[in-house]
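Chains as they are written, first to last, in my numbering: chain A, 1 to 174; chain B, 1001 to 1280; chain C, 2001 to 2210.
Backbone N, C-alpha and C fix where the C-beta goes; we use that ideal spot for every residue, glycine too.
What you are looking at is a predicted structure, and each value in this text was computed from that prediction instead of being measured.
Below: one structure, written as structure tokens.
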Amino acid sequence: MKKIGMLAVAGILLFGFSANVNAMTESELEAKLTATYTINGHEFSLKDTEKVLVEEYLAANEISEEDADYIAAKVDEAIQILEDANVSNIDALSNGDKNKLVALVSDISSNTAVKATVLSGGVLSIQNIDGTEFARVTKSAIRQTGNNNIVLITGGISLLGIAIALGMLKKKNA
Amino acid sequence: MKAKSIVFYISEFLLTIFLFLLLACILLQATLFNASFMQSIITRENFVSDTTAQIEEEFSYYILQSGLSEEVLNGLITESEMAANIEEYVTKFYNGEEIVIATDELQTRLEDNIVTYLEQNNIVVADEASLDQFVKEIVNTYKQNVEDAFSFSLVQKPFIKIKNILPFGLGISVLLFLGLAIFSMFFCKRENLSIPLLATGLLYGCIWYYLAQNLDMKNFYVYTTAFSNLVKGMYEIIHNHIDIIAIIFLVSGFLSGGIYYFFKVMKEQKIKSVSGAKIP
Amino acid sequence: MHKAKNVLKGIAKNFAVSFFFVAFFAFLFFLFGEKQIKPYFSLASNLSYSTIKKENTDISFDSVQKRLLDYPNYGTIWATLKIPTLNLELPVYHGDTLDLLRYGVGHLAGSYFPGEGGGIVLDAHNTDEYFGTLPNLPIGGTIILDTIYGEFTYEVTETKIIHQTDEASLPVKTSEETLMLYTCYPMHYMGLTSERYVVYAKLIGADYES
Chain A
1 MKKIGMLAVA GILLFGFSAN VNAMTESELE AKLTATYTIN GHEFSLKDTE
51 KVLVEEYLAA NEISEEDADY IAAKVDEAIQ ILEDANVSNI DALSNGDKNK
101 LVALVSDISS NTAVKATVLS GGVLSIQNID GTEFARVTKS AIRQTGNNNI
151 VLITGGISLL GIAIALGMLK KKNA
Chain B
1001 MKAKSIVFYI SEFLLTIFLF LLLACILLQA TLFNASFMQS IITRENFVSD
1051 TTAQIEEEFS YYILQSGLSE EVLNGLITES EMAANIEEYV TKFYNGEEIV
1101 IATDELQTRL EDNIVTYLEQ NNIVVADEAS LDQFVKEIVN TYKQNVEDAF
1151 SFSLVQKPFI KIKNILPFGL GISVLLFLGL AIFSMFFCKR ENLSIPLLAT
1201 GLLYGCIWYY LAQNLDMKNF YVYTTAFSNL VKGMYEIIHN HIDIIAIIFL
1251 VSGFLSGGIY YFFKVMKEQK IKSVSGAKIP
Chain C
2001 MHKAKNVLKG IAKNFAVSFF FVAFFAFLFF LFGEKQIKPY FSLASNLSYS
2051 TIKKENTDIS FDSVQKRLLD YPNYGTIWAT LKIPTLNLEL PVYHGDTLDL
2101 LRYGVGHLAG SYFPGEGGGI VLDAHNTDEY FGTLPNLPIG GTIILDTIYG
2151 EFTYEVTETK IIHQTDEASL PVKTSEETLM LYTCYPMHYM GLTSERYVVY
2201 AKLIGADYES
């Protein structure tokens, strides 16, 4: 009995701290994800097609407030990584910092209901929360031969997570 | 007496840990870190034919926009060649050698097919660059698909490190287990291993149950069907092995304890009957 | 009977001790280990891919918000593209990956849908069956998108040849609704080309289904 009590206390300690305090709505999340951020004098934002994808995904799927909060927190962490690194583009980041960004993507995919995967040839397949396929995207907007644009992130992928990482990685090609 | 008891239970606890680690090392060496195991899953899950089919399908995507005919893709890849390539990649992967996906032969075959097709149909191409682009895309598609299908290569370095450590882990676990078992046999008068066997069986049973409840691999999909099925197949077999270990060790634990207590009771009874005590 | 009882008692004692050990391991795991492992399990469950397609019958349009209330699944047909001048009538799929372009016109994921007021990007192969005759479509020509939620009519305003990497020529955040059709250029070419032929058209009529 005592053991069960101790397990319960451990459970509360583990999960209780993660309870959300300031719940974020979907529209607030959309604004946060599609905003342009000025970091160390350089502008970072998603590509327009990615912004539209975020808008459509959030319109078609009910994201819980907990998930919205979690994703927003990860966006803040990504911004913080860029601020701390004091670089003008992602290319200039150290491998350690790049890995931190990838870890954020992985965190979102593993801790929220957002489901996605990478298909052959670096095609990102995003699932709706009801299990149907929402969209497939590649990095290149202009189709035909662009199959070698690889979006390969070992560990984890999510629509919003990839949007954050790719949106910021985009800077390197600008 | 009390101190001996404490030492006895601590030794039982440590024996459980060593036995658990020992089995974990054996399980991993026999499955995940065993090239033959990987090959068997590759066969079981139709990895080669799935990969070949997917590559052929993706090749066909480029035909419509190229103005060429499907016949330029004839004989580009075969299942037998793919099987040989995959076997080579598996061997290199487990030996820690660099995996290089060879595309020269494919490129030559494709170029030859295109030349033959153009000649047979009296087609003169003004801009060779667009054909080169087509060849490049087909070769890239092949390379990308094989890389995706064999995505394990992404984790080759840490994999090899663990693979090299495992035999030491196994050796140390065996030594510690045997050493402690012998020590407790003399010091604590241990006469059976029922508790470590039962605890290890229970532990593996709990792991099996925890995985079944928490790791949903039914819809797992990443990169290609072939790769996803390979991962799911490996997981399924390892999960089943955990179940088997749990059952074997639980049964052994119960049997070991049962036999020990049976003979103990018999012995006590014999002593009592010899000394003339009334048998209830 | 008494013998069996004693044997069972002994086994039960061993099992109880084993159970206590396992409970202790479980306690340590739930206290320290699970937090590390759970995200990977969740990740493996989330890395999924479904071939289930939802019927597009429920999709409706919010004319106040200028937004679809739900979106078609990837790979499903949500419209028919009609170009009377070219005698073309083609199915439009949501998504434009190469596997879909074998069957019809692709709709770039991340571009808007008709009625939403932004850039709509559609692409298809340059064979005569698809967009191979696009250069014959004159400025002022009509393009109709007959969607599952209404019919939208566009008028061609401009044509352009762009490089395959020129994404800026296919804007989606536009001040007025623009339909963009593109295909590989030059037409009827052997191999893969690096140029694209683009047709731009503006919205001139919308008939929403109630």
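With respect to chain A, the C-beta atom of B/Val1231 has no partner C-beta closer than 8 Å.
Taking every protein chain shown into account, the CB of B/Gln1213 has fewer than 16 other CB atoms within 10 angstroms, so this residue is exposed. Judged by pairs of C-beta atoms under 8 Å, the region 2103-2120 of chain C does not touch the region 2037-2047 of chain C, as fewer than three such pairs exist. Legend: CB atoms of the region 2049-2066 of chain C lying less than 8 Å from CB atoms of chain A belong to residues Tyr2049, Ser2050, Thr2051, Ile2052, Lys2053 and Lys2054. B/Met1266 counts as exposed, since fewer than 16 other C-beta atoms from the protein chains shown sit within 10 angstroms of its C-beta.
Proximity of A/Leu93 to chain B, defined by a Cβ-Cβ separation below 8 Å, is not satisfied.
The three-state reading of DSSP puts A/Leu46 in coil, since its state is none of H, G, I, E or B. Across the set B/Asp1050, B/Ile1006 and B/Tyr1009, the C-alpha of B/Asp1050 shows the shortest separation from the C-alpha of B/Ser1228. Residue-level contact by beta carbon fails for A/Ser88 and chain B, as no gap is shorter than 8 Å.
In this model, C/Lys2066 and C/Ala2206 are separated by some 12 Å (Cα to Cα).
Where A/Ser125 is concerned, the enclosing beta strand (DSSP E) starts and stops at Val123 to Gln127.
Around B/Gln1133, the beta-carbon contacts reaching into chain C at under 8 Å are Gly2191, Leu2192, Thr2193 and Ser2194.
Residue contact check for B/Gln1120 against chain C: no CB pair falls below 8 Å. Residue nearest to C/Glu2195 within the set C/His2163, C/Thr2080, C/Tyr2112 and C/Phe2131 is C/His2163 (criterion: CA-CA distance).
The region 1044-1060 of chain B makes contact with the region 1068-1081 of chain B: 3 or more CB pairs, one atom from each, lie closer than 8 Å. Interface annotation, A/Ser120: in contact with chain B, CB-CB separation under 8 Å. Contact between the region 1192-1200 of chain B and the region 1257-1272 of chain B is present, with at least three C-beta pairs closer than 8 Å. Three or more Cβ pairs drawn from the region 1135-1151 of chain B and the region 1210-1225 of chain B lie within less than 8 Å of each other, which places the two stretches in contact. Of the residues B/Leu1154, B/Ile1055 and B/Gly1067, the one whose Cα lies closest to the Cα of B/Leu1106 is B/Ile1055. From the beta-carbon of C/Thr2097, the residues of chain A found nearer than 7 Å are Val123 and Arg136. Taking each of C/Leu2179, C/Ile2148, C/Met2190 and C/Tyr2197 in turn and checking the Cα distance to C/Thr2165, the smallest one comes out for C/Tyr2197. Across the region 1194-1212 of chain B, CB contacts with chain C closer than 9 Å involve Ser1194, Ile1195, Pro1196, Leu1197, Leu1198, Ala1199, Thr1200, Gly1201, Leu1202, Leu1203, Gly1205, Cys1206, Tyr1210 and Leu1211, in sequence order along the chain. Just measuring C-alpha positions, the residue of C/Asn2136, C/Leu2137, C/Val2121 and C/Pro2186 sitting nearest C/Thr2178 is C/Val2121.
The CB of C/Asn2014 comes closer than 8 Å to the CB of Ser1194, Ile1195, Leu1198, Gly1253 and Gly1257 in chain B, given here in chain order.
As a beta-bridge residue in DSSP terms, C/Tyr2208 pairs with C/Gly2150. Counting C-beta pairs closer than 8 Å gives fewer than three between the region 82-99 of chain A and the region 109-126 of chain A, which falls short of the contact rule.
Three or more beta-carbon pairs separated by less than 8 Å link the region 1163-1183 of chain B to the region 1008-1027 of chain B, which places the two stretches in contact.
Under the Cβ criterion (8 Å, minimum of three pairs), the region 36-48 of chain A counts as touching the region 75-86 of chain A. For C/Leu2088, there is no enclosing alpha helix (DSSP H); the enclosing beta strand (DSSP E) covers residues Leu2088 to His2094.
Taken through DSSP and simplified to helix, strand or coil, B/Tyr1223 comes out as strand. Non-local beta-carbon contacts of B/Lys1092 in its own chain, meaning distances under 6 Å to residues more than five positions away in sequence, involve Ile1099 in chain order. Just so you know, the alpha carbons of C/Lys2202 and A/Leu53 end up roughly 22 Å apart.
By the C-beta density criterion, C/His2002 is exposed, having fewer than 16 other C-beta atoms within 10 angstroms. Beta-bridge partners of B/Cys1206 (DSSP): none assigned. Each residue's CA atom was taken as its position, placing C/Gly2010 and B/Gly1169 some 33 Å apart. If the five residues before and after A/Lys100 are omitted, its C-beta is found closer than 6 Å to the C-beta atoms of Ile81, all from its own chain and listed in chain order.
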